[in-house]
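Asker: Oh and the sequence shown: position 126 is 126 in the working numbering, straight run, nothing missing.
Ideal Cβ placement from N, Cα and C applies to all residues, glycine included.
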Amino acid sequence: MATSVTYVESLRAALHDVMRNDLHAVVLGEDILDPYGGAFKVTLGLSSDFPDRVFTTPICEASIAGVSVGMALRGLHPIAEIMFGDFLALAADQIVNHAAKYPAMYNGHVQVPLVIRTPMGGGRGYGPTHSQSLERLFFGVPHLKLVAASHVHDAGALLQQAVADPEPVIFIENKLLYPRRLMLANNGAVVRDESIDGYGYPVVTLRNYPEGMTPDVTVIAYGGMSWQLVELLERFAGEEVRVLACLPACISPWDAAPAVDCASASGRVLIVEESPVDFGWGAEVAASIYDVAGRKLQAPIRRLGTAPTVIPAAKALEDQVLVSPEAIEEAILDLLRY
Numbered sequence: 001m002a003t004s005v006t007y008v009e010s011l012r013a014a015l016h017d018v019m020r021n022d023l024h025a026v027v028l029g030e031d032i033l034d035p036y037g038g039a040f041k042v043t044l045g046l047s048s049d050f051p052d053r054v055f056t057t058p059i060c061e062a063s064i065a066g067v068s069v070g071m072a073l074r075g076l077h078p079i080a081e082i083m084f085g086d087f088l089a090l091a092a093d094q095i096v097n098h099a100a101k102y103p104a105m106y107n108g109h110v111q112v113p114l115v116i117r118t119p120m121g122g123g124r125g126y127g128p129t130h131s132q133s134l135e136r137l138f139f140g141v142p143h144l145k146l147v148a149a150s151h152v153h154d155a156g157a158l159l160q161q162a163v164a165d166p167e168p169v170i171f172i173e174n175k176l177l178y179p180r181r182l183m184l185a186n187n188g189a190v191v192r193d194e195s196i197d198g199y200g201y202p203v204v205t206l207r208n209y210p211e212g213m214t215p216d217v218t219v220i221a222y223g224g225m226s227w228q229l230v231e232l233l234e235r236f237a238g239e240e241v242r243v244l245a246c247l248p249a250c251i252s253p254w255d256a257a258p259a260v261d262c263a264s265a266s267g268r269v270l271i272v273e274e275s276p277v278d279f280g281w282g283a284e285v286a287a288s289i290y291d292v293a294g295r296k297l298q299a300p301i302r303r304l305g306t307a308p309t310v311i312p313a314a315k316a317l318e319d320q321v322l323v324s325p326e327a328i329e330e331a332i333l334d335l336l337r338y
């Protein structure tokens, strides 16, 4: 069942815990001071409780990332907020060519324990430059982790784990999840399980059928797709369609084993992501599955993502571009026809 704690409350409480327990932790970003508390209120209350370690910054994402890298090199544990994930592009040089490279360049003699929090995704009418899911630009960068917290993960605990990671982490928060209550246990017809991947991060699986039965289809997704999957699993349970969903937290680097196991269980696989599928996360996941379990598949792997165009501000047009529950349902039904 859903907890009484919302996604944003979990993240906010985690930040307070980190600041309280780690005197080396600092938080910086645009408009994060009280009374505003950040664009999505994740940092609300932090500057009042820890005024000496919470810093508001100019609107310059490159400097936010660069200063954070310097802080990490000097022994601090910076948690930087980039107000919208679209603007990670402005910080890419500092992240890719500095934060991710220094530990290897100096043979492990330095660490960059940096977390960059950022909201991703559409659905709120923010238009072409404030609605994208640009995490795909950073997939595969060595020594850089991308962690996507869904509402079926313990978002706050996941953020604390990212802060404790010795490598730099981009921590992705989907905008539509902020007001949703966390689902950390079974919820109606949906059974929740959790395991740990090879990088120490949690992988949540959801199913709508009793233990011991075989799923009809497997859906692999992450982050903001979680709420749509929970609703679809509940609906399909009433139609006796057995669906197994796999939601990893660490999406790059990629531990394929949990997803391969889930894919092998059904032989029919749908991969969903909130970005265009071309050259995307789903392609890497599909390749990983084909490499190991290709002969166990009963149908070609299906990928579903955002339309390859700009994301409009008008809701009716935005809905046509983004992944919808109806599109996921249709893709699942198509797979079942094989």
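1. Just to confirm, are LEU229 and VAL241 a CB contact at a threshold of 8 Å?
2. Going by C-alpha distance, which of ARG337, SER324, ALA327, GLU318 is nearest GLY125?
3. Do you know whose CA, among ALA92, MET213, ALA263, VAL147, lies nearest TYR222's CA?
4. Would ARG180 pass as a contact of ASP216 if the rule is Cβ separation under 8 Å?
5. Count the other CB atoms, across all protein chains shown, that sit within 10 Å of the CB of TYR106; report buried if there are 16 or more and exposed otherwise.
6. Between which two residues does the beta strand (DSSP E) carrying CYS60 extend?
7. Just how far apart, CA to CA, sit GLU167 and VAL96?
8. Can VAL152 and MET183 be called in contact, C-beta distance under 8 Å?
9. Report the partner residues of LEU347 according to the DSSP bridge assignment.
10. Among THR57, ALA62, PRO58, MET71, which has the Cα closest to the Cα of ALA25?
11. Our contact map puts THR214 next to ALA287 with C-beta atoms below 8 Å; I'd like the distance itself, whole angstroms only.
12. Could you tell me if ALA314 is buried or exposed, where buried requires 16 or more neighbouring beta carbons within 10 angstroms of its beta carbon?
13. Between ALA80 and GLY29, how many whole angstroms is the CB-CB distance? I'm expecting something under 8 Å.
14. Going by the beta-carbon positions, is the gap between LEU137 and SER68 smaller than 8 Å?
15. Opposite PRO210 in the DSSP bridges: which residues?
16. To the nearest angstrom, report how far apart HIS16 and TYR178 are at their CA atoms.
17. Using DSSP's beta-bridge definition, name the partner residues of MET183.
18. Ordered along the chain, which non-local residues of its own chain (more than five positions away) have a Cβ less than 7 Å from that of GLN298?
19. Thinking just about the alpha-carbon of each residue, which of LEU336, PRO276, TRP281 is nearest to the one in GLY140?
20. Along the beta strand (DSSP E) that carries ILE328, what are the first and last residues, could you check?
21. Who are THR205's beta bridge partners in DSSP?
22. What's the C-alpha gap between LEU23 and HIS130?
23. Compare the beta carbon distance of THR118 and ILE82 with 8 Å and say whether it is the shorter of the two.
24. Output the boundary residues of the beta strand (DSSP E) element that contains PHE171.
25. Going by CA-CA distance only, name the one from ASP154, HIS98, ALA89, LEU159 that's closest to GLN132.
26. If you follow the alpha helix (DSSP H) that ARG136 is part of, which residue opens it and which one closes it?
27. Could you check where the alpha helix (DSSP H) with LEU232 kicks off and where it finishes?
28. Comparing C-alpha positions only, which one of SER275, ARG295, GLU330, ALA293 sits nearest to THR309?
29. In the structure shown, what three-state DSSP assignment does PRO78 receive?
30. Check for me: the alpha helix (DSSP H) holding LEU44 runs from which residue to which?
31. Quick check on the DSSP output: the alpha helix (DSSP H) that includes LEU11 runs from which residue to which?
32. Mind checking who SER252 pairs with in its DSSP beta bridge?
33. Helix, strand or coil: how does DSSP classify ALA286 here?
Answerer: In short, the structure shows the following:
1. The residue you call residue 229 lines up with position 229 of the sequence shown. The residue you call residue 241 lines up with position 241 of the sequence shown. No, they are not a contact pair.
2. As a working note, residue 125 is residue 125 in the sequence shown. Comparing Cα positions, the closest option is GLU318.
3. As a working mapping, residue 222 is identified with position 222 in the sequence shown. Of the candidates ALA92, MET213, ALA263, VAL147, the one whose C-alpha sits nearest the C-alpha of TYR222 is VAL147.
4. Working through the sequence shown from its first residue, we reach residue 180 at position 180. Working through the sequence shown from its first residue, we reach residue 216 at position 216. Taking C-beta atoms as the reference points, ARG180 and ASP216 fail to come closer than 8 Å.
5. Within the sequence shown, residue 106 is the residue found at index 106, counting from 1. TYR106 is exposed by the Cβ-count criterion.
6. If you number the sequence shown from 1, residue 60 lands on position 60. Element bounds for CYS60: n/a, residue is neither H nor E.
7. Within the sequence shown, numbered from 1, the residue matching residue 167 stands at position 167. Within the sequence shown, numbered from 1, the residue matching residue 96 stands at position 96. Going from the Cα of GLU167 to the Cα of VAL96 covers about 12 Å.
8. Working through the sequence shown from its first residue, we reach residue 152 at position 152. Working through the sequence shown from its first residue, we reach residue 183 at position 183. MET183 is positioned such that its CB atom lies closer than 8 Å to that of VAL152.
9. Nothing about residue 347 can be read from this structure; the chain reaches only from 1 to 338.
10. The sequence position of residue 25 within the sequence shown is 25, counting from 1. The option with the nearest alpha carbon to ALA25 is MET71.
11. To locate residue 214, count along the sequence shown from 1; it is residue 214. To locate residue 287, count along the sequence shown from 1; it is residue 287. Actually they are not in contact, since the Cβ atoms of THR214 and ALA287 sit about 24 Å apart, beyond 8 Å.
12. Translated into the one-based positions of the sequence shown, residue 314 becomes position 314. Flag for ALA314 reads exposed.
13. Sequence index remark: in the sequence shown, residue 80 carries index 80 (1-based). Sequence index remark: in the sequence shown, residue 29 carries index 29 (1-based). Confirmed, about 6 Å.
14. Here residue 137 refers to the residue found at position 137 when the sequence shown is read from its first residue. Here residue 68 refers to the residue found at position 68 when the sequence shown is read from its first residue. In this structure, SER68 does not lie closer than 8 Å to LEU137 by Cβ.
15. Counting from one through the sequence shown, the residue named residue 210 turns up at place 210. DSSP output for PRO210 lists no bridge partner at all.
16. Your numbering for residue 16 matches position 16 in the sequence shown. Your numbering for residue 178 matches position 178 in the sequence shown. If you take the alpha carbons of HIS16 and TYR178, they lie about 17 Å apart.
17. Taking the sequence shown and counting its residues from 1, one reaches residue 183 at position 183. According to DSSP, MET183 bridges with ALA2.
18. Position 298 of the sequence shown, counted from the start, is the residue given in the question as residue 298. Cβ within range, chain order: GLY267, ARG268, TYR338.
19. By 1-based counting over the sequence shown, the position of residue 140 is 140. GLY140 has its Cα closest to that of TRP281, out of LEU336, PRO276, TRP281.
20. Here residue 328 refers to the residue found at position 328 of the sequence shown. Premise fails: ILE328 lies in the alpha helix (DSSP H), 325-336, not in any beta strand (DSSP E).
21. As a first step, residue 205 is located in the sequence shown; it is residue number 205 there, counting from the start. Looking at the DSSP assignment, THR205 forms a beta bridge with ASP193, CYS246.
22. For the purposes of this step, residue 23 is identified with residue 23 of the sequence shown, where counting begins at 1. For the purposes of this step, residue 130 is identified with residue 130 of the sequence shown, where counting begins at 1. As the crow flies, the alpha-carbon of LEU23 is around 33 Å from that of HIS130.
23. For the purposes of this step, residue 118 is identified with residue 118 of the sequence shown, where counting begins at 1. For the purposes of this step, residue 82 is identified with residue 82 of the sequence shown, where counting begins at 1. In contact: THR118 and ILE82 (Cβ atoms closer than 8 Å).
24. Residue 171 sits at position 171 when you count from the first residue of the sequence shown. PHE171 -> beta strand (DSSP E) spans 169-174.
25. To locate residue 132, count along the sequence shown from 1; it is residue 132. Closest by alpha carbon: ALA89.
26. Translated into the one-based positions of the sequence shown, residue 136 becomes position 136. From DSSP, ARG136 is part of no alpha helix (DSSP H); its letter is neither H nor E.
27. As a position in the sequence shown, residue 232 is number 232, starting the count at 1. 226-238 is the extent of the alpha helix (DSSP H) around LEU232.
28. Taking the first residue of the sequence shown as position 1, residue 309 is located at position 309. Residue SER275 is the option with its Cα nearest to THR309.
29. Residue 78 sits at position 78 when you count from the first residue of the sequence shown. Reduced to three states, the DSSP call for PRO78 is strand.
30. Mapped onto the sequence shown, residue 44 falls at position 44. No residue range can be given for LEU44, since it is assigned to no alpha helix (DSSP H) and is classified by DSSP as neither H nor E.
31. Working through the sequence shown from its first residue, we reach residue 11 at position 11. Segment 7-21, the alpha helix (DSSP H) holding LEU11.
32. Position 252 of the sequence shown, counted from the start, is the residue given in the question as residue 252. Bridge partners of SER252: LEU146.
33. Here residue 286 refers to the residue found at position 286 of the sequence shown. It is helical.
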